[in-house]
Amino acid sequence: MKPMTKVRTLSAACLLTVPIMLSGCGLFGSESAAVDPPPEEIEAQMLELSDGTTLDTGVFGPVAEDTAAAEEGTSQPEAIAPGDRTTVYLQDSNGLLAPVSLKLPEGESNVMLKDSLTALISQGAYASAVPESFQGVLPEGTEVQSVSVDKDKLAVVEFNAAFNDYKPADERKMLEAITWTLTGQEGIKGVQLWVDGKKLTEMPLQGTPLDYPLSRSFGINLPRNGPALMNSSAVTVYFSAATPDGTHQYYVPVTRFVPAGEDKVKAALNELIAGPESANGLEMVMTGGTVLEGVESGQNGVVTVSLTDDMFTDAQNVPEEMLESVVLTVAQNAGDAPVQIRLNGLETVTGTDNVNYGQPVSAPEYVNALPL
């Protein structure tokens, strides 16, 4: 991560990181959490877009990618520059979805979108490009027949019938992986699914409703114990995890439920400080003494996060994982806003990566560029 030179327009899910060698299995220890579908009473709420609107589902059907841009009322994002990576959401060895930066063949954006979904297929065409200990969650044999993007930033995806050959327990995970992979691309706000020429209004096995296009408000890596009442809202928090051999660290987003009406950034940071719920490989990135003193939005949209922690009194050599998780969490919940951190009242906060997080830091472009 580098100090901010300009505010990025990409989603915070398209983030940059360099593989980090770990000397141990965790930063401050790890706990575990089982992942389950959300409580039924808030499922419909989560299917709405985060701004409270819904995209028009209409009768707009899949359009072959080579003609999509020519169709009236449809458009394609600009071409992805040669050499760019693509961030896709793959299942790790703990059963959690994590963003992984892959090097896929170069091509126009609509081709890259199709390739990014192909990378989600178990034993698919890009299985060799997936890092060890990660795997795609779409059923083997699935084919991405077309991907098109309309003027309302809705991505319409058509799969072949093999898409329906999944285990019931994988249903939500499949939807999360597809949604977060596509909405991580600039210009895509929601996702609609088709199978063999028919629009899905619900998933075939568990019946997850698809009446509205899927957006990131659908959540990811949900905890088993959700809120009991409707008056809850979802925030996204980034914890860290390590590959099974302990040599590489990576970041994992999880959805947490907080009381409706709370400031999203403050609520998300307090959840980050609280740590993972139970042991599924996620690691504590804060210490037991970390306290959130305040969050302020200032000039140029920069978010200032003020923390205290007596383990780092001089704010020097602070673990990179701790500071990166703060930046990723704020960026995800504050529209990719740049972040500066104050620690124990000090304005110079140096991480173990030698970056001064006391200055505005932009959300990285890619996340988890792990070796194969």
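Residue numbers (the working numbering): 13 to 384. We treat Cβ as the ideally placed atom computed from N, Cα and C, and that holds for glycine.
Considering only their Cβ atoms, is the gap separating residue j from residue i smaller than 9 Å?
| i | j | result |
| --- | --- | --- |
| E308 | T316 | yes |
| S337 | L284 | yes |
| V156 | F171 | yes |
| K185 | Q311 | no |
| A253 | E188 | no |
| V100 | S128 | yes |
| P265 | L109 | yes |
| P180 | L217 | yes |
Can you look up residue i in the DSSP assignment and give me helix, strand or coil?
| i | result |
| --- | --- |
| N329 | coil |
| F146 | coil |
| A286 | helix |
| V351 | strand |
| S229 | helix |
| G370 | coil |
| G313 | helix |
| N243 | coil |
| I190 | helix |
| D322 | helix |
| A167 | strand |
| P111 | strand |
| V161 | strand |
| T362 | strand |
| P180 | helix |
| Q344 | helix |
| N292 | strand |
| P252 | Here residue 252 is Ser; the residue named in the question, Pro, does not match the sequence. Three-state result, S252: strand. |
| T299 | coil |
| V266 | strand |
| E198 | coil |
| V207 | strand |
| V123 | helix |
| V379 | coil |
Alpha carbon to alpha carbon, how far is residue j from residue i? Give it in angstroms, no decimals.
| i | j | result |
| --- | --- | --- |
| S140 | V149 | 15 Å |
| T320 | L281 | 13 Å |
| P1 | D208 | Any answer about residue 1 is impossible in this case: the structure gives the chain only from 13 up to 384. |
| L34 | L382 | In this prediction, L34 scores a pLDDT of 38, lower than 50, which makes its location untrustworthy; the coordinate-derived value is nonetheless stated afterwards. Cα-Cα distance, rounded: 13 Å. |
| K115 | S227 | 25 Å |
| V367 | P376 | 13 Å |
| T220 | G231 | 13 Å |
| E359 | S318 | 10 Å |
| K5 | G107 | No statement about residue 5 is possible, as the shown extent of the chain runs from 13 to 384 and does not include it. |
| Q147 | G293 | 16 Å |
| V112 | P225 | 24 Å |
| L212 | D182 | 17 Å |
| G136 | T98 | 16 Å |
| Q197 | D164 | 14 Å |
| N122 | L304 | 42 Å |
| Y138 | E118 | 13 Å |
| Y263 | A346 | 18 Å |
| L384 | P143 | 4 Å |
| L222 | K278 | 31 Å |
| L166 | D322 | 47 Å |
| W206 | S105 | 29 Å |
| G153 | T130 | 10 Å |
| L194 | A246 | 20 Å |
| S158 | M215 | 19 Å |
| G306 | E120 | 43 Å |
| K210 | V339 | 41 Å |
| E83 | G199 | Note that E83 scores 43 on pLDDT, short of 50, meaning its location in the model is unreliable; the coordinates nonetheless yield the value given after this. Rounded to whole angstroms, E83 to G199 spans 17 Å at the Cα level. |
| Q261 | Q204 | 33 Å |
Hey, would you say the C-beta of residue i is under 8 Å away from at least one heavy atom of the ligand FAD?
| i | result |
| --- | --- |
| G219 | In the structure shown, the ligand FAD is absent, as is every other ligand, since no ligand is present at all. |
Assuming residue i and residue j are in contact, meaning their beta carbons sit under 8 Å apart, how far apart are those beta carbons, in whole angstroms?
| i | j | result |
| --- | --- | --- |
| E332 | T364 | 5 Å |
| Q344 | T259 | Not a contact, Cβ separation roughly 26 Å. |
| G313 | A349 | 5 Å |
| V297 | M334 | 5 Å |
| S145 | P256 | 5 Å |
| T341 | Y250 | 5 Å |
Within 9 Å (strictly less), CB to CB, does residue i reach chain B?
| i | result |
| --- | --- |
| L226 | As a matter of chain content, chain B is missing from the structure shown, which is built from one protein chain. |
(message) If contact is defined by three or more beta carbon pairs under 8 Å, each pair taking one atom from either stretch, is the stretch 346-360 in contact with the stretch 323-330?
(response) yes
(message) So, does the stretch 361-377 touch the stretch 266-282, judging by three or more C-beta pairs under 8 Å?
(response) no
(request) Report yes or no: do three or more beta-carbon pairs, one from the stretch 217-237 and one from the stretch 257-273, lie closer than 8 Å? (result) yes
(request) Could you say if the stretch 287-297 and the stretch 166-182 meet the contact criterion of at least three C-beta pairs nearer than 8 Å? (result) no
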